[in-house]
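To start, the structure under review is shown below, and the notes come after it.
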Amino acid sequence: MIGRQLEMLNVLVGFEQANKYAIKNAAGQNVGFIVEDDAGFASLLVRQLLRTRRPFAATVLDANGTPLLRLERPIKWFLNSTIRIYDAQESGALIGEVKQVWHPIRRKYDLFLKNRQFGIIDGGFWAWDFVIADEQGGTLSAINRNFVGFAREIFTDTGVYAVQMDSASPVRPVSLDERAVVLACAITIDIDYFSRHSGG
């Protein structure tokens with residue numbers, strides 16, 4: 185489970201703050217966090233002006249606060265977003281990326297390990313469930329946006345995502361690097377479609 189934490193200034197006046205996510209296991213225990221970089225006044229201005237089109241950089245931490253991954257999403261110039269996943273331990277080696285694919289009525293993404301595509305998402309216009317399929321169409325993983333109540337859905341950006349990797353994958357086991365890409369995919373789906381400022 186990945187849950188975006190409540191931002192009070194965003195609720196009260198629409199002030200966009202640096203995002204923070206908690207990562208929990210199936211038993212509800214915290215196993216990690218995702219913390220967006222907050223680089224001072226300049227990044228604060230960019231967040232307010234560009235909203236969901238802004239560049240996004242975050243660190244994935246384990247429960248002890250040890251950096252594991254870096255997520256970097258450059259500025260969204262036109263219609264499609266890209267988020268890249270780097271190893272925080274191995275001098276920033278690229279693990280993979282998620283690329284949004286433009287479609288007028290579908291929610292589509294391509295998932296890559298370095299330069300090899302391993303999965304696709306092709307969700308409907310109002311999709312809250314995103315199945316990651318392999319090249320043959322078999323299910324590898326799934327990301328499900330959970331409904332958290334009318335008030336929270338209308339007035340906040342606090343989404344909760346169930347990321348299924350083991351139980352959803354009858355095709356083959358999902359590698360550790362693929363899991364990192366799926367985790368980043370959940371974050372970019374949150375920004376693209378479920379932020380109050382995304383219009384999704």
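Numbering (the numbering used here), first residue to last: 185 to 384.
Each residue gets a CB set at the ideal place from its N, CA and C atoms; glycine is no exception.
Given the structure is predicted, the values throughout are model-derived calculations rather than measurements.
Just to confirm my understanding: we take glycine 141, look at its own chain, exclude 5 residues before and 5 after, and list those with CB closer than 7 Å. What are they? Outside the shown range of the chain (185 to 384) lies residue 141, about which nothing can therefore be said.
What does a CB cutoff of less than 7 Å around leucine 278 pick up in its chain, not counting 5 residues either side in sequence? Sequence-distant partners of leucine 278 (beyond 5 residues in either direction) whose C-beta falls short of 7 Å from its own C-beta, in its chain, are Arg268, Tyr270, Lys298.
So, helix, strand or coil for valine 366, using DSSP? Helix, per DSSP.
So is the beta-carbon of isoleucine 269 under 6 Å away from any non-hydrogen atom of the ligand ZN? In the structure shown, the ligand ZN is absent, as is every other ligand, since no ligand is present at all.
If we ignore side chains and look at the alpha-carbon of each, how far apart do phenylalanine 262 and leucine 255 end up? Straight-line Cα distance between these residues: approximately 20 Å.
Could you compute how far the alpha carbon of lysine 283 sits from the alpha carbon of threonine 266? Here the alpha carbon of lysine 283 sits roughly 4 Å from the alpha carbon of threonine 266.
Tell me whether aspartate 376 is buried or exposed, calling it buried when 16 or more other Cβ atoms sit within 10 Å of its Cβ. Looking at its Cβ environment, which holds 16 or more other Cβ atoms inside 10 Å, aspartate 376 is buried.
Mind listing, in chain order, the continuous beta strand (DSSP E) runs of no fewer than 3 residues lying wholly within the stretch 242–308? Restricted to the stretch 242–308, the beta strand (DSSP E) segments that are unbroken, complete and at least 3 residues in length are 251–257, 266–271, 278–285, 291–297, 300–307, listed in chain order.
Within the same chain, show all residues whose beta-carbon is closer than 7 Å to that of valine 355, passing over the 5 residues directly before and after it, in chain order. Hits under 7 Å: Asp318, Gly322, Thr323, Leu324.
Per-residue DSSP class, three states only, for arginine 159: Examination of residue 159 is not possible in this model, given that the chain is present from 185 through 384 alone.
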